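Visitor: Encoded as structure tokens, here's the structure I'll be asking about.
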Amino acid sequence: MKKDEEKKGFFHNWIVKNLLWAVVAIVAILLLSAFLLSRITHHGKVIRVPDFTGMTVNQADQYAHDASLRIDIADSVFVKRMARGAVFSQNPKPGATVKTGRRVMLTINAMNAKKVSMPNLVGYSMRQAKAELNSRGLTLGRLLYVDDMATNNVLRQLYKNRQIEAGRMIDSGSEIDLMVGLNDTDNQTYIPDVTGMKYLRAVDVVHDNSLNIKALVFDKSVKTYADSINAQVWKQAPQPSKAPILMGSDVSLYLSVDPDRTLPLN
7 MKKDEEKKGF
17 FHNWIVKNLL
27 WAVVAIVAIL
37 LLSAFLLSRI
47 THHGKVIRVP
57 DFTGMTVNQA
67 DQYAHDASLR
77 IDIADSVFVK
87 RMARGAVFSQ
97 NPKPGATVKT
107 GRRVMLTINA
117 MNAKKVSMPN
127 LVGYSMRQAK
137 AELNSRGLTL
147 GRLLYVDDMA
157 TNNVLRQLYK
167 NRQIEAGRMI
177 DSGSEIDLMV
187 GLNDTDNQTY
197 IPDVTGMKYL
207 RAVDVVHDNS
217 LNIKALVFDK
227 SVKTYADSIN
237 AQVWKQAPQP
247 SKAPILMGSD
257 VSLYLSVDPD
267 RTLPLN
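Residues in the sequence shown are numbered consecutively from 7, following my numbering.
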């Protein structure tokens, strides 16, 4: 009895009671913090960024919401024949792995054409020049390779087959061809597999591999420009290969929106 009374008295001691409540409170705070941190940072939850290209802003917003992402309009360009207000490009790119809740920055097609200043790309690497063109609302046309000591170094910039000086104002969305160097000891690349990719992304990947687009062949299912933006590559020529190929070689892409030819998008 005496031991039971001492034990009961121990737990009724106000110091002990306060210490016990403090321990309980600390444990509860730690558990709550871990839960909130997990919800806020989406710890361990990653998804692949959808392809918003060609969507209206409202469609992209709904699609992003369903994918637990957010969108923001970062910039605009003007692309002839493309639906006004449609998504032209995005960052992160389609297929990138991100945490849920990530903000995706969109570049949309402007309602009216705007003039942009032609940058000076001479001396840039091909990839740097391509990124600079995209940031100005311009697009890369053909890569014209000539003998030079530095492979993929930009030597000249051409607009409508003529050299264009930096600072000239041209329509956004214009295509700029680049004359780039090619060293005999560093002149090979590989043909990527772009099957299943949408039109603009496939072209982007082909250019990133120092190759040119020979032809874009849209089948009968592609009836509008919006269809072309959403069309997927169902065949390419040449086929993907691990065998090296000369930089500047041509690749033809065959595109469709026919579900019997296209692949499910992740």
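All residues carry an ideal CB built from backbone N, CA and C; glycine is no exception.
Bear in mind that the values here come from a model prediction, so they are computed numbers and not experimental data.
Which residue's Cα is closest to the Cα of Gly143: Asp81, Ala156, Gly129?
Guide: The residue with the shortest Cα to Cα distance from Gly143 is Asp81.
Visitor: Please say whether Thr157 and Gly187 have beta carbons closer to each other than 8 Å?
Guide: A contact, by the Cβ cut-off of 8 Å.
Visitor: Out of curiosity, what's the CA-to-CA distance linking Asp266 and Thr201?
Guide: Taking the straight line joining both Cα atoms gives about 14 Å.
Visitor: Could you check whether Phe84 and Tyr69 sit closer than 8 Å to each other, using their CB atoms as the reference points?
Guide: For Tyr69 and Phe84, no; Cβs fall outside 8 Å.
Visitor: Tell me the rounded alpha-carbon separation between Glu171 and Leu75.
Guide: Each residue's Cα considered, the two are about 41 Å apart.
Visitor: Looking only at its chain, what residues have a beta carbon closer than 7 Å to the beta carbon of Tyr151, apart from the 5 residues adjacent to it on each side?
Guide: Cβ neighbours of Tyr151 beyond the five flanking positions: Val186, Leu188, Met253, Gly254.
Visitor: Among all the DSSP beta bridges, which residues are the ones paired with Ser123?
Guide: Note: Ser123 sits in a beta bridge opposite Met175.
Visitor: Can you have a look at Gly147 and say buried or exposed, based on whether 16 or more other CB atoms are within 10 angstroms of its CB?
Guide: The residue in question, Gly147, is buried, as its Cβ has 16 or more Cβ neighbours within 10 Å.
Visitor: Going straight from the alpha carbon of Lys226 to that of Asp78, what length do you get?
Guide: Those two C-alpha atoms are separated by around 34 Å.
Visitor: Can you give me the C-alpha to C-alpha distance between Gln238 and Asp72, rounded to a whole angstrom?
Guide: When rounded, the distance between both Cα atoms is 22 Å.
Visitor: Please report the residue range of the beta strand (DSSP E) in which Arg109 lies.
Guide: From DSSP, the beta strand (DSSP E) with Arg109 extends over 109 to 115.
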